[in-house]
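Residue numbers (our numbering): 66 to 407.
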């Protein structure tokens, strides 16, 4: 605000000037209010960021021991329109690959459910043989029956891995019965096996004879005729993209509503701060005006107490000086020379 000056004329030839200068109205409190406003805006932005990031939290889908299987899982997910990536975790001796889902901004738990559905329908990840590692690392002495049972279990696991390589196979279950010892029974029963295969292709891309040949050549003293094969079809379920899109739209509307509420709340806070600032400025102006009026009153009282000239004296002297004849210096000098010569 510019400087303001007031002038008072108390009498002829006496002028009293009173000058009041106001500096810039912006003070420390003004900058403090601006800092508070910045903090409020930053808080609103932080709340909005937390709200949006809560809908985008990464989710682990599976952990696999081989990188090739991790790549296969990623390919299946990408074919179904689901974004994911792999991360290497664990130590050097127990390294694994983690499949992490990359959800969209409004995906949430529905996208996780669809990803799990895709993995389940494709038989991924494949089951791992944890029992084999545990027995090999235990170091406990095994009797003959335990050793045979472990070998039989290992043979079944190896057969499951082989059969899962067949196209379209999502699940395999194998049961093997070893032949009876001929020294115990005169007519021992032969080796048998049963295989249950679940495939997503209808019809399957392989035959039961292919499965019998793979199993019979992997088990000693097992004829292909003694292998029973059951093949069932479980097609891949379609993903509910329409329902997922509707839920995403609902979530989008909810996010927009939350953003509008945050913006309105911040606007109200800004308006309240502005009203408070204006109220403080009005109060400052009122106090400055009171100080100005108080100074004028004190100045008037000081001037009234001083002696003043009689009324009319100053005016008469002024008129006499105004009415006096004015002569030039040359004329006055000429008159004086004439008088001297006389």
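Built from N, CA and C at the ideal position, the CB exists for glycine as well. Keep in mind the model is a prediction, meaning the values are calculated, not measured.
Between residue i and residue j, what straight-line distance do the alpha-carbon atoms span, to the nearest angstrom?
| i | j | result |
| --- | --- | --- |
| residue 132 | residue 299 | 27 Å |
| residue 153 | residue 244 | 44 Å |
| residue 262 | residue 326 | 55 Å |
| residue 159 | residue 128 | 12 Å |
| residue 234 | residue 175 | 26 Å |
| residue 320 | residue 181 | 26 Å |
| residue 214 | residue 179 | 39 Å |
| residue 260 | residue 225 | 9 Å |
| residue 418 | residue 289 | Residue 418 lies beyond the range of the chain shown here (66 to 407); nothing can be said about it. |
| residue 357 | residue 351 | 10 Å |
| residue 252 | residue 292 | 20 Å |
| residue 148 | residue 242 | 44 Å |
| residue 323 | residue 314 | 14 Å |
| residue 302 | residue 318 | 29 Å |
| residue 269 | residue 164 | 29 Å |
| residue 208 | residue 216 | 12 Å |
| residue 236 | residue 228 | 9 Å |
| residue 267 | residue 166 | 30 Å |
| residue 365 | residue 339 | 39 Å |
| residue 347 | residue 169 | 52 Å |
| residue 230 | residue 188 | 11 Å |
| residue 349 | residue 367 | 27 Å |
Whose C-alpha, out of the options, is nearest the C-alpha of residue i?
| i | options | result |
| --- | --- | --- |
| residue 157 | 130, 164 and 222 | 130 |
| residue 238 | 334, 192, 126 and 208 | 192 |
| residue 305 | 104, 123 and 145 | 145 |
| residue 277 | 348, 337, 296 and 351 | 296 |
| residue 136 | 125, 147 and 162 | 162 |
| residue 284 | 218, 168, 355 and 155 | 218 |
| residue 143 | 107, 184 and 236 | 184 |
| residue 190 | 344, 329 and 138 | 138 |
| residue 282 | 265, 264, 318 and 223 | 223 |
| residue 107 | 330, 337 and 186 | 330 |
| residue 286 | 301, 348, 270 and 258 | 258 |
| residue 240 | 210, 221 and 302 | 221 |
| residue 123 | 141, 216 and 151 | 151 |
| residue 232 | 265, 207 and 211 | 265 |
| residue 186 | 347, 342, 141 and 336 | 141 |
| residue 272 | 256, 255, 254 and 294 | 294 |
Taking the alpha helix (DSSP H) that residue i falls in, what are its first and last residues?
| i | result |
| --- | --- |
| residue 218 | 209-228 |
| residue 278 | 273-281 |
According to DSSP, is residue i helix, strand or coil?
| i | result |
| --- | --- |
| residue 322 | helix |
| residue 147 | coil |
| residue 259 | strand |
| residue 193 | coil |
| residue 264 | strand |
| residue 351 | helix |
| residue 245 | coil |
| residue 183 | helix |
| residue 336 | helix |
| residue 177 | helix |
| residue 302 | coil |
| residue 345 | helix |
| residue 252 | coil |
| residue 270 | coil |
| residue 285 | coil |
| residue 133 | helix |
| residue 139 | helix |
| residue 317 | helix |
| residue 360 | helix |
| residue 329 | helix |
The beta strand (DSSP E) spanning residue i covers which residue range?
| i | result |
| --- | --- |
| residue 128 | 124-129 |
| residue 295 | 292-298 |
| residue 240 | 234-242 |
Across which residues does DSSP place residue i in a beta bridge pair?
| i | result |
| --- | --- |
| residue 154 | 161 |
| residue 166 | 124 and 149 |
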